[in-house]
Amino acid sequence: MSDLAIKTVNLTKRYSGLWSKQPVDAVKNLNLEVHRGEIFGFLGPNGAGKTTTIKVLLGIIYPTEGEAYVLGKPAGDPKNHYRISYLPENPYFYDFMTGREILTFYAKLFGIPEPQRSKRVNELLDRVGLSRAADQPLRTYSKGMQQRIGLAQCLINDPELLILDEPTAGLDPIAHIDIRDMILDLRDQGKTLFISSHQLSDVERVCDRVAILNKGVMVQLGRIEELLAGGHVEVIADKVPDNAVEPIRQLGGKVSLHDGRLIVEQPDNGSVDRVIDIVRAAGGHIISVKPYRRSLEDLFVETIQGGKNA
Amino acid sequence: MNATFAIAGATFGEAVRKRILMVILLVALLIILISPAFEPFAAGRGARTLIISFGFGVIQLAGTFIAIIMCTGMIPTEIERRTIYTILSKPVQRYQFVLGKFFGAVGTLGFMYLMMGIVFMIASRMALGELEPKIVRGLIMFFFQSSLLAAVVLFFSTFVSPLVNYFLSGGVFLLGNLLSSFLETIQRNPEVTPITRIPVQLLTVILPNFANFNVQNPIINPEQVLTDEFAYLVQTLAYAVVYIALLLVASMLIFNQREM
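From first to last, the protein sequence lines stand for chains R and C. Here the first sequence is numbered in this note's numbering, starting from 3 and rising by one per residue. Here the second sequence is numbered in this note's numbering, starting from 1286 and rising by one per residue.
The following block contains the structure:
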């Protein structure tokens, strides 16, 4: 059995409109490998090609060039659909149905017979904390409850791979944490999760690896801790004379002095002590020393803006 | 088939809760119920003819509107709302989705026709003092006409937007009602050139003939005399079934290739 849950080889999806002169590559030569049992973050600005890639993986659209495999089979293989699940961004579920009815509907799509169907539906309602609201129509559900029912419909077949598109978008902090905890629970159960999201703090917290896509091209790929290595320390001091600036500049990093107020950004801890010594020796006062870890947001912005400037 | 029926059930459940369809149904029911009040306008045709024709006219019009309004957005709306992605990412084939949508639409039409039929029979029984047997046959014919129209609309909805679909389906329904009479007229006229006649003949063959289903309406077809009414009924319904099957196959083939 392959260790890969998802694999794409030079995957390209090109759109050429009936009247448009120039075809557009929504995804270009994407080579991606997602391992079984990991939480993989699939990031990128709007229009980067994330949803297009997901649709190819689900067999909803077809690749123009290249190949895509899901759980070892070509993307779109109907047999795979028993083993995967998908939660689209802001989906609409038939809102005249109750929570129980919508899960029963999805269970029927899998051909799950009674009494297993009712048992499974009740288990899932309990798992996502909607047992008490099970018989209320979905139109009375809050956004958080709708998202929980969306996650429940994803779990109806006990899938090996879950593809979640913006699972925490638009949720209040409590619902946000609930969904995030559910995602971590799923990883603990050995599921593979492929998450496309703009909620970078969530991705940073839960994902093992991430890929960043920009204009259809993958521009970053790696483990979170490797990608985020290399933070900086910010030193703020007051009453620093002008003659202290030059020796600090020689240590490297960003230095700015205005009206005796000094702000220094050092790329590592090594020279911070030296900066403090120089400031004190020159009669200045240290106001704060703050270590800044590089966040996924920093990486994302650098990557995307770097791409724009390139 | 489990998935097809589950989709059909959801489609039916959603359609019967659509306000616009319910308003059309209620207005139709109301007009059918008060149709005996139009008896003074019979002008020689007789109360029976007026009440039956009027009732059928209202039912046909309501059935047409319901079929078009219900089916135009059936597939585009599912794509727009992303519900279709949660369905097609399950072990559901695209043809099952199309079939489920069609069966759901036909189920809704059946429900609407049942409601209108019951009220029509009650109203005509009260006005005429007896139950007119042609009502049931007429209802079946119009139900199949609407089902055929639903298949046409669903076919277009696999590749055009709802707005375009309104015009296309409306146009096909109109042409399908008029073309056979038009063809008869131009065939009787020796001055009509083949340049005019051949396209009309071609369109008459290609487009569904909705006029066949109108025989029960004595106002629309006052001179229609059927020698074997049962054979005509069976033939027309078989035509509808075959045409619907062809449209569904075409819809499935197009939808199978469609990128969403």
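Cβ coordinates follow ideal geometry from the N, Cα and C atoms, glycine included.
Check: For isoleucine 1372 of chain C, go through chain B and note every residue whose CB falls closer than 7 Å to its CB, in chain order.; Outcome: The structure shown has no chain B; the protein chains it does contain are R and C.
Check: Under 8 Å by Cβ, that's how I've got serine 198 of chain R and phenylalanine 44 of chain R pegged, so tell me the actual separation to the nearest angstrom.; Outcome: 4 Å
Check: Ignore the nearest five residues each way along the sequence and tell me which others in lysine 313 of chain R's own chain have a CB closer than 7 Å to its CB.; Outcome: Given a span of 3 to 312 for chain R in the structure shown, any question on residue 313 of chain R remains unanswerable.
Check: Out of R/Thr142, R/Asn245, R/Glu206, R/Lys217, which has the shortest C-alpha to C-alpha gap to aspartate 300 of chain R?; Outcome: R/Glu206
Check: So that I know if they touch, is there some Cβ in chain R lying closer than 8 Å to that of threonine 1551 of chain C?; Outcome: Because residue 1551 of chain C is not part of the residues shown, which for chain C are 1286 to 1545, the question remains open.
Check: What's the gap between the Cα of leucine 1453 of chain C and the Cα of proline 1361 of chain C?; Outcome: 15 Å
Check: Short check: CB of phenylalanine 112 of chain R to CB of tyrosine 84 of chain R, under 8 Å?; Outcome: yes
Check: Give the interface partners of proline 93 of chain R over in chain C, defined as CB-CB distance under 8 Å, in chain order.; Outcome: Arg1366, Arg1367, Thr1368, Tyr1370, Thr1371
Check: Hey, how far is the Cα of leucine 1310 of chain C from the Cα of glycine 1402 of chain C?; Outcome: 11 Å
Check: Comparing the C-beta of methionine 1359 of chain C with each C-beta of chain R, is any distance below 8 Å?; Outcome: no
Check: Taking C-beta pairs closer than 7 Å, name the residues in chain R that lysine 1375 of chain C reaches, listed in chain order.; Outcome: His83, Tyr108, Leu111, Phe112
Check: For glycine 285 of chain R and aspartate 240 of chain R, which I take to be in contact (beta-carbon distance under 8 Å), what is that distance rounded to the nearest angstrom?; Outcome: In fact, because the Cβ distance is near 11 Å, the residues do not count as touching under 8 Å.
Check: Run through chain R and tell me which residues come within less than 8 Å of alanine 1291 of chain C, C-beta to C-beta.; Outcome: Phe107, Lys110, Leu111
Check: Beta-carbon separation of leucine 1463 of chain C and alanine 1352 of chain C under 8 Å?; Outcome: no
Check: Using 8 Å as the limit for Cβ to Cβ distance, is methionine 3 of chain R near chain C?; Outcome: Any answer about methionine 3 of chain R is weak, because its pLDDT of 49 lies below 50 and its placement is not dependable; what the coordinates show is given next. No, no contact with chain C.
Check: Helix or strand or just coil, what does DSSP make of methionine 1545 of chain C?; Outcome: coil
Check: Identify the contact partners of methionine 1545 of chain C in chain R, using a Cβ-Cβ distance below 8 Å as the criterion.; Outcome: Lys57, Ile62, Ile63
Check: By the 10 Å Cβ neighbour count, where 16 or more other Cβ atoms means buried, how is lysine 121 of chain R classified, buried or exposed?; Outcome: exposed
Check: Specify, as a first and last residue, the run of the beta strand (DSSP E) that glutamine 1430 of chain C falls within.; Outcome: Segment 1419 to 1442 is the alpha helix (DSSP H) holding glutamine 1430 of chain C; no beta strand (DSSP E) there.
Check: Quick check on histidine 260 of chain R: buried or exposed, where buried means 16 or more other Cβ atoms within 10 Å of its Cβ?; Outcome: exposed
Check: Quick test of your reading: alanine 77 of chain R and glycine 51 of chain R, contact by CB under 8 Å. State the CB separation rounded to the nearest angstrom.; Outcome: About 15 Å; that fails the 8 Å criterion.
Check: Helix, strand or coil for leucine 1416 of chain C per DSSP?; Outcome: coil
Check: Could you say if the segment 1344 to 1351 of chain C and the segment 65 to 75 of chain R meet the contact criterion of at least three C-beta pairs nearer than 8 Å?; Outcome: no
Check: At least one CB of chain R closer than 8 Å to the CB of arginine 1302 of chain C: is that the case?; Outcome: yes
Check: Taking the alpha-carbon positions, what's the asparagine 92 of chain R to proline 25 of chain R distance?; Outcome: 28 Å
Check: Looking at valine 1383 of chain C and leucine 1533 of chain C, is the spacing between their C-beta atoms short of 8 Å?; Outcome: yes
Check: Glycine 1389 of chain C: buried (16+ other C-beta within 10 angstroms of its C-beta) or exposed?; Outcome: buried
Check: Given this structure, state the Cα-to-Cα distance separating cysteine 156 of chain R from proline 90 of chain R, to the nearest angstrom.; Outcome: 10 Å
Check: Could you tell me which uninterrupted alpha helix (DSSP H) segments, each at least 4 residues in length, are contained entirely in the segment 80 to 161 of chain R, listed from first to last along the chain?; Outcome: 101 to 111, 118 to 129, 145 to 156
Check: In this structure, does DSSP put lysine 193 of chain R in helix, strand or coil?; Outcome: coil
Check: Compare the C-alpha of isoleucine 104 of chain R against each of C/Thr1296, C/Gln1520, C/Leu1518, C/Glu1514 and name the closest.; Outcome: C/Thr1296
Check: Does any C-beta atom of chain R lie closer than 8 Å to the C-beta of glutamate 1324 of chain C?; Outcome: no
Check: Can you tell me whether DSSP reads methionine 220 of chain R as helix, strand or coil?; Outcome: strand
Check: Which residues of chain C have a Cβ atom closer than 8 Å to the Cβ of tyrosine 96 of chain R, listed in chain order?; Outcome: Ala1295, Gly1298, Glu1299, Thr1368
Check: Return helix, strand or coil for histidine 178 of chain R, following the three-state DSSP convention.; Outcome: helix
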